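*Asks:* What follows is a structure written as structure tokens; I'll ask about it next.
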Amino acid sequence: MKVKCIYGIDYDSNIYLITGEKNSVVDTGTGLHNKRVVEEIEEYVNPKKIDQIVITHEHFDHTGGIKKIKKHLSENSKIISHKKAAFKIEKGESNFAKMLGTEMESVPVDIKIDEGDEIDMGNEKWLVLYTPGHSEGSICLYEEKSKSLISGDTIFAYGSFGRYDLPGGNANLLRKSIERISKLDVDNLYPGHESIVEGDANKHIKKTLQNTSYIWYIMTNPRIILNKFKWKENTDFKEIKVEYTHRGAPNDKKMISGEEIIDVGRSFMKTNSAEIPFHRVIKIKYRDEIIFERKKHTWI
Ligand SMILES: [Zn+2]
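So for the sequence shown, this note's numbering puts the first residue at 122; every next one is plus one.
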């Protein structure tokens, strides 16, 4: 069994090609770079010999290319996703697609899977783990012999994790899904975006768990930050500055001065000009003192 990563460009997800007895494609990108994707697939396997396209979750950056890739496969090839993802894929609506100036076409899903099912990919059986939090229909796929995990947008390398602020997202569910995944023994991590890890991926997942746990702790106990720095009730909120990253532009940092801090119930920080999901925050400063800092952030 071989796992080949076709790295996503722009908004595209990574696309995995798993070859062996059952040739499989996992995720499809937006479809906006499909020519290149198909050319890359052809370098490794004849598309007519691909048995199935498996989808990790319903978001357009993973599903937009389904129809375009499927065109090159044999008629008998199947589309597979979690039943909750299938509902959205078959509906075919996506605000994300509209934002990118295109449409998400509705696509029938042939096989609807759930927790505990197994999918034959390559030469092995991969276990389906239902891991909601980034979206309602998110799954991870685990192969025990090679200790490989396809993690969708639940967990990324270097301690990063998926957004929970999009429709269908839920911070608490994401935290629980990550906690669950962290109990697996994983050597190879194949996430929905950015770097893959081949060898000792447990370290990366452990870091992700630490980051999520910390953020959850602050989200549910916001006064902890404040008390730690001898916060006074009459502190001037206008002197708080929040540094955060912007969606789609990981290096585009912006300083915003805020009037309020953490709105616990909604896990967002309200500022003068924006609402910032807490997982995007890198630093919180009061005057020149850093009262919160996180080295690794997430942007997917
Ligand atoms: Zn994604």
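Virtual Cβ for every residue (Gly too), placed ideally from N, Cα, C.
Model, not experiment: these values are computed from the prediction.
1) Could you tell me if residue 197 is buried or exposed, where buried requires 16 or more neighbouring beta carbons within 10 angstroms of its beta carbon?
2) Can you list, in chain order, the residues of its chain with a C-beta nearer than 8 Å to that of residue 199? Leave out the 5 residues immediately preceding and following it.
3) Fully enclosed by the region 302-336, which alpha helix (DSSP H) runs are 4 residues long or longer?
4) Taking the C-alpha atoms as reference points, what is the distance between residue 194 and residue 168?
5) Should the region 186-193 be regarded as contacting the region 250-263, the criterion being three or more beta carbon pairs within less than 8 Å?
6) Using a Cβ-Cβ cut-off of 7 Å (strictly less than) and excluding sequence neighbours within five positions of residue 215, which residues of its own chain qualify?
7) Taking the DSSP output, what are the residues bridged to residue 147?
8) Flag this pair as yes or no: are the beta carbons of residue 203 and residue 276 separated by less than 8 Å?
9) Any heavy atom of ligand 1 closer than 7 Å to the beta-carbon of residue 256?
10) Suppose contacts are defined by Cβ-Cβ distances below 8 Å. Is residue 284 in contact with residue 178 by that definition?
11) Taking 7 Å as the cut-off, is the beta-carbon of residue 400 closer than that to any non-hydrogen atom of ligand 1?
12) Leaving out five residues on either side along the sequence, give the residues of the same chain with a beta carbon under 6 Å from the beta carbon of residue 386.
13) Whose CA, out of 311, 323 and 126, lies closest to the CA of residue 164?
14) Considering only DSSP beta bridges, list what residue 282 is partnered with.
15) For residue 148, is the classification buried or exposed, using 16 other Cβ atoms within 10 angstroms of its Cβ as the cut-off for buried?
16) Using the Cβ count rule (16 or more neighbours within 10 Å means buried), how would you classify residue 335?
*Replies:* On the basis of the supplied data:
1) Mapped onto the sequence shown, residue 197 falls at position 76. Exposed.
2) Taking the first residue of the sequence shown as 1, we reach residue 199 at position 78. Excluding sequence neighbours, residue 199 sits near 172, 173, 174, 231 and 232.
3) none
4) Mapped onto the sequence shown, residue 194 falls at position 73. Mapped onto the sequence shown, residue 168 falls at position 47. Going from the Cα of residue 194 to the Cα of residue 168 covers about 5 Å.
5) no
6) Working through the sequence shown from its first residue, we reach residue 215 at position 94. Excluding positions up to five away in sequence, the list reads 181 and 225.
7) Your numbering for residue 147 matches position 26 in the sequence shown. Answer by DSSP bridge pairing, in chain order: 137 and 175.
8) Residue 203 sits at position 82 when you count from the first residue of the sequence shown. Residue 276 sits at position 155 when you count from the first residue of the sequence shown. No, these two residues do not count as a Cβ contact at 8 Å.
9) Translated into the one-based positions of the sequence shown, residue 256 becomes position 135. No - ligand 1 has no heavy atom lying nearer than 7 Å to the Cβ of residue 256.
10) Mapped onto the sequence shown, residue 284 falls at position 163. Mapped onto the sequence shown, residue 178 falls at position 57. Going by C-beta atoms, residue 284 is not nearer than 8 Å to residue 178.
11) Position 279 of the sequence shown, counted from the start, is the residue given in the question as residue 400. Short note on residue 400: C-beta not closer than 7 Å to any heavy atom of ligand 1.
12) Locating residue 386 in the sequence shown gives position 265, counting from the first residue. Any answer about residue 386 is weak, because its pLDDT of 48 lies below 50 and its placement is not dependable; what the coordinates show is given next. If we look at residue 386 and ignore the five residues flanking it on each side, it has no Cβ neighbours.
13) Mapped onto the sequence shown, residue 164 falls at position 43. Comparing Cα-Cα distances from residue 164 to each of 311, 323 and 126, the minimum goes to 126.
14) As a first step, residue 282 is located in the sequence shown; it is residue number 161 there, counting from the start. In the DSSP output, where bridge partners are listed per residue, residue 282 has 276.
15) Residue numbering aside, residue 148 sits at position 27 when the sequence shown is read from its first letter. Residue 148 is buried by the Cβ-count criterion.
16) One-based indexing of the sequence shown puts residue 335 at position 214. Counting the other CB atoms within 10 Å of its CB gives residue 335 a total below 16, which places it among the exposed residues.
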